[in-house]
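In our numbering, the protein residues as written are 605 to 819.
Here it is in C-alpha coordinates:
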(Lines of atoms letter the chains of each structure in order from A and count residues from 1; the text may use other names and numbers.)
(Lines give C-alpha, C1' and ligand atoms only; values in the text may rest on other atoms or scores of the structure.)
Protein backbone atom coordinates (compact mmCIF):
# COMPACT_ATOMS: atom_id res chain seq x y z
CA UNK A 1 0.00 0.00 0.00
CA UNK A 2 1.35 3.42 -0.95
CA UNK A 3 2.00 5.81 1.91
CA UNK A 4 -0.46 8.41 0.60
CA UNK A 5 -3.24 5.82 0.50
CA UNK A 6 -2.35 4.58 3.99
CA UNK A 7 -2.59 8.08 5.41
CA UNK A 8 -5.90 8.69 3.64
CA UNK A 9 -7.41 5.50 5.07
CA UNK A 10 -6.15 6.17 8.58
CA UNK A 11 -7.54 9.72 8.50
CA UNK A 12 -10.88 8.49 7.15
CA UNK A 13 -11.07 5.89 9.93
CA UNK A 14 -10.44 8.39 12.70
CA UNK A 15 -12.77 10.98 11.20
CA UNK A 16 -15.55 8.40 11.36
CA UNK A 17 -14.76 6.73 14.67
CA UNK A 18 -13.22 9.60 16.65
CA UNK A 19 -14.67 12.85 15.26
CA UNK A 20 -14.06 14.56 18.60
CA UNK A 21 -10.63 14.10 20.14
CA UNK A 22 -9.06 16.37 22.73
CA UNK A 23 -6.66 16.42 25.61
CA UNK A 24 -7.67 14.47 28.71
CA UNK A 25 -5.87 16.93 30.96
CA UNK A 26 -8.35 18.96 33.00
CA UNK A 27 -7.93 22.72 32.61
CA UNK A 28 -10.01 25.89 32.38
CA UNK A 29 -7.47 28.42 31.14
CA UNK A 30 -3.97 28.54 29.60
CA UNK A 31 -2.28 28.87 33.01
CA UNK A 32 -3.85 25.61 34.17
CA UNK A 33 -2.94 23.81 30.98
CA UNK A 34 0.74 24.71 31.05
CA UNK A 35 0.96 23.53 34.66
CA UNK A 36 -0.77 20.27 33.74
CA UNK A 37 1.39 19.68 30.67
CA UNK A 38 4.62 20.26 32.59
CA UNK A 39 3.44 17.79 35.23
CA UNK A 40 2.41 15.25 32.58
CA UNK A 41 5.96 14.45 31.45
CA UNK A 42 6.36 10.71 32.12
CA UNK A 43 3.20 10.79 34.23
CA UNK A 44 -0.34 9.76 33.36
CA UNK A 45 -3.04 12.33 32.67
CA UNK A 46 -5.17 10.63 35.31
CA UNK A 47 -2.53 11.21 37.98
CA UNK A 48 -1.97 14.80 36.83
CA UNK A 49 -5.69 15.58 37.07
CA UNK A 50 -5.71 14.32 40.66
CA UNK A 51 -2.73 16.51 41.50
CA UNK A 52 -3.95 19.69 39.80
CA UNK A 53 -7.35 19.52 41.48
CA UNK A 54 -5.65 20.34 44.78
CA UNK A 55 -2.77 22.30 43.25
CA UNK A 56 -5.00 25.04 41.88
CA UNK A 57 -6.73 25.46 45.23
CA UNK A 58 -3.36 26.55 46.65
CA UNK A 59 -2.03 28.26 43.53
CA UNK A 60 -5.09 29.54 41.64
CA UNK A 61 -3.16 32.14 39.64
CA UNK A 62 0.17 32.54 37.91
CA UNK A 63 1.07 35.39 40.26
CA UNK A 64 0.53 33.27 43.37
CA UNK A 65 2.56 30.41 41.89
CA UNK A 66 5.43 32.77 41.05
CA UNK A 67 5.63 33.86 44.70
CA UNK A 68 5.33 30.34 46.12
CA UNK A 69 8.11 28.51 47.92
CA UNK A 70 9.45 25.64 45.82
CA UNK A 71 9.09 23.27 48.77
CA UNK A 72 5.38 24.10 49.00
CA UNK A 73 5.00 23.37 45.29
CA UNK A 74 6.87 20.10 45.74
CA UNK A 75 4.56 18.97 48.54
CA UNK A 76 1.53 19.24 46.25
CA UNK A 77 3.10 17.46 43.27
CA UNK A 78 5.29 14.84 44.97
CA UNK A 79 3.07 11.97 43.79
CA UNK A 80 4.05 12.59 40.17
CA UNK A 81 7.32 11.63 38.50
CA UNK A 82 10.39 13.86 39.03
CA UNK A 83 8.67 16.21 41.50
CA UNK A 84 11.87 18.05 42.46
CA UNK A 85 12.61 19.10 38.88
CA UNK A 86 8.97 19.88 38.14
CA UNK A 87 8.62 22.05 41.24
CA UNK A 88 11.58 24.15 40.06
CA UNK A 89 10.22 24.25 36.51
CA UNK A 90 6.78 25.41 37.64
CA UNK A 91 8.25 28.15 39.80
CA UNK A 92 10.62 29.27 37.05
CA UNK A 93 7.91 29.11 34.39
CA UNK A 94 5.58 31.34 36.40
CA UNK A 95 8.29 33.91 37.06
CA UNK A 96 9.51 34.08 33.47
CA UNK A 97 6.01 34.18 32.02
CA UNK A 98 5.23 37.21 34.19
CA UNK A 99 8.57 38.92 33.62
CA UNK A 100 8.99 38.36 29.89
CA UNK A 101 5.49 37.80 28.52
CA UNK A 102 3.26 39.91 30.77
CA UNK A 103 1.71 36.74 32.17
CA UNK A 104 0.27 35.64 28.84
CA UNK A 105 1.26 32.42 27.12
CA UNK A 106 2.89 33.13 23.75
CA UNK A 107 1.39 31.31 20.78
CA UNK A 108 4.58 30.46 18.94
CA UNK A 109 6.67 27.40 19.69
CA UNK A 110 9.99 29.26 19.90
CA UNK A 111 8.82 31.58 22.67
CA UNK A 112 7.09 28.78 24.54
CA UNK A 113 10.36 26.85 24.67
CA UNK A 114 11.99 29.75 26.51
CA UNK A 115 9.89 28.85 29.56
CA UNK A 116 11.41 26.48 32.14
CA UNK A 117 10.06 22.96 31.84
CA UNK A 118 8.80 23.51 28.29
CA UNK A 119 10.60 21.47 25.65
CA UNK A 120 9.63 20.91 22.03
CA UNK A 121 6.90 18.38 22.78
CA UNK A 122 5.34 20.47 25.55
CA UNK A 123 5.47 23.59 23.40
CA UNK A 124 3.73 21.76 20.57
CA UNK A 125 0.99 20.52 22.88
CA UNK A 126 0.33 24.05 24.11
CA UNK A 127 0.46 25.62 20.65
CA UNK A 128 -1.82 22.94 19.24
CA UNK A 129 -4.41 22.79 22.02
CA UNK A 130 -4.60 26.48 22.89
CA UNK A 131 -3.94 28.11 19.53
CA UNK A 132 -4.82 25.36 17.03
CA UNK A 133 -1.36 25.59 15.47
CA UNK A 134 -0.47 22.88 12.91
CA UNK A 135 2.31 21.37 15.04
CA UNK A 136 2.61 17.72 16.04
CA UNK A 137 3.60 16.80 19.58
CA UNK A 138 5.16 13.34 19.52
CA UNK A 139 4.95 11.44 22.79
CA UNK A 140 5.51 7.73 23.34
CA UNK A 141 1.99 6.88 22.10
CA UNK A 142 2.27 8.89 18.89
CA UNK A 143 5.74 7.47 18.21
CA UNK A 144 4.61 3.86 18.76
CA UNK A 145 1.29 4.02 16.92
CA UNK A 146 2.73 5.82 13.90
CA UNK A 147 5.40 3.17 13.48
CA UNK A 148 3.08 0.22 14.06
CA UNK A 149 0.41 1.36 11.63
CA UNK A 150 3.01 2.27 9.04
CA UNK A 151 2.60 6.03 8.96
CA UNK A 152 6.33 6.17 9.65
CA UNK A 153 9.03 3.67 8.77
CA UNK A 154 12.07 3.19 10.96
CA UNK A 155 11.89 6.50 12.79
CA UNK A 156 14.75 6.69 15.24
CA UNK A 157 13.47 9.58 17.33
CA UNK A 158 10.39 11.78 17.91
CA UNK A 159 11.66 14.52 15.60
CA UNK A 160 11.80 12.14 12.64
CA UNK A 161 8.27 10.97 13.43
CA UNK A 162 7.05 14.55 13.76
CA UNK A 163 8.46 15.59 10.38
CA UNK A 164 6.97 12.57 8.62
CA UNK A 165 3.51 13.06 10.10
CA UNK A 166 3.42 16.79 9.39
CA UNK A 167 4.51 16.12 5.82
CA UNK A 168 1.59 13.79 5.08
CA UNK A 169 -1.28 14.98 7.30
CA UNK A 170 -3.32 17.96 6.01
CA UNK A 171 -2.36 21.06 7.97
CA UNK A 172 -5.86 21.71 9.29
CA UNK A 173 -6.05 18.19 10.73
CA UNK A 174 -2.70 18.11 12.52
CA UNK A 175 -3.99 19.33 15.93
CA UNK A 176 -6.79 16.74 15.80
CA UNK A 177 -4.54 13.95 14.50
CA UNK A 178 -2.25 14.45 17.50
CA UNK A 179 -5.11 13.42 19.79
CA UNK A 180 -6.24 10.61 17.48
CA UNK A 181 -2.88 8.92 17.75
CA UNK A 182 -2.48 9.53 21.48
CA UNK A 183 -5.91 8.18 22.39
CA UNK A 184 -5.57 5.22 20.05
CA UNK A 185 -2.26 4.37 21.67
CA UNK A 186 -3.56 4.88 25.18
CA UNK A 187 -6.66 2.71 24.88
CA UNK A 188 -6.25 0.37 21.89
CA UNK A 189 -2.72 0.13 20.48
CA UNK A 190 -1.14 -0.25 23.89
CA UNK A 191 2.59 -0.84 24.27
CA UNK A 192 2.74 -4.25 25.93
CA UNK A 193 -0.46 -5.84 24.69
CA UNK A 194 -2.20 -4.06 21.81
CA UNK A 195 -5.91 -4.75 21.56
CA UNK A 196 -5.85 -5.74 17.89
CA UNK A 197 -9.19 -7.52 18.20
CA UNK A 198 -10.79 -4.15 19.04
CA UNK A 199 -8.98 -2.16 16.37
CA UNK A 200 -10.54 -1.15 13.08
CA UNK A 201 -7.17 -0.42 11.49
CA UNK A 202 -5.89 -3.99 11.31
CA UNK A 203 -6.66 -4.24 7.58
CA UNK A 204 -3.84 -1.79 6.90
CA UNK A 205 -1.72 -2.03 10.07
CA UNK A 206 1.81 -3.11 9.25
CA UNK A 207 2.39 -4.43 12.79
CA UNK A 208 -0.76 -6.58 12.77
CA UNK A 209 -0.26 -7.92 9.26
CA UNK A 210 3.39 -8.82 9.87
CA UNK A 211 2.49 -10.63 13.12
CA UNK A 212 -0.28 -12.49 11.33
CA UNK A 213 2.14 -13.56 8.59
CA UNK A 214 4.62 -14.91 11.15
CA UNK A 215 1.89 -17.03 12.74
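All C-beta atoms, glycine included, are put in the ideal place defined by N, C-alpha and C. Since this is a predicted model, take the numbers as computed values, not measurements.
Buried versus exposed, by CB contacts within 10 Å (16 or more), residue i
| i | result |
| --- | --- |
| residue 629 | buried |
| residue 774 | exposed |
| residue 791 | exposed |
| residue 624 | exposed |
| residue 743 | buried |
| residue 722 | buried |
| residue 763 | exposed |
Test item: CB-CB of residue i and residue j under 8 Å
| i | j | result |
| --- | --- | --- |
| residue 622 | residue 787 | yes |
| residue 709 | residue 701 | yes |
| residue 813 | residue 614 | no |
| residue 783 | residue 667 | no |
| residue 639 | residue 729 | no |
| residue 750 | residue 785 | yes |
Candidates the options: closest to residue i by CA position
| i | options | result |
| --- | --- | --- |
| residue 776 | 626, 710, 739 | 739 |
| residue 734 | 619, 779, 747 | 779 |
| residue 752 | 612, 653, 800, 634 | 800 |
| residue 665 | 632, 731, 616 | 632 |
| residue 798 | 716, 722, 761, 748 | 748 |
| residue 634 | 658, 620, 711 | 711 |
| residue 606 | 671, 767, 772, 676 | 772 |
| residue 767 | 795, 724, 704, 794 | 724 |
| residue 658 | 671, 676, 645 | 676 |
Residues of its chain near residue i, where Cβ-Cβ distance is below 8 Å and the 5 sequence neighbours each way are ignored
| i | result |
| --- | --- |
| residue 678 | 687, 688, 691 |
| residue 684 | 643, 647, 651, 652, 655, 690 |
Alpha-carbon spacing of residue i relative to residue j, whole angstroms
| i | j | result |
| --- | --- | --- |
| residue 663 | residue 669 | 5 Å |
| residue 714 | residue 769 | 20 Å |
| residue 699 | residue 745 | 32 Å |
| residue 718 | residue 726 | 11 Å |
| residue 609 | residue 696 | 46 Å |
| residue 674 | residue 681 | 11 Å |
7 Å Cβ shell around residue i - same chain, five flanking residues per side excluded
| i | result |
| --- | --- |
| residue 649 | 628, 629 |
| residue 660 | 636 |
| residue 617 | 804, 805 |
Residue i: CB within 7 Å of a non-hydrogen atom of the ligand SAM
| i | result |
| --- | --- |
| residue 734 | Ligands displayed in this structure: none; no statement on the ligand SAM is therefore possible. |
Residues near residue i by beta carbon distance below 6 Å, same chain, minus five either side
| i | result |
| --- | --- |
| residue 720 | 693, 696, 697 |
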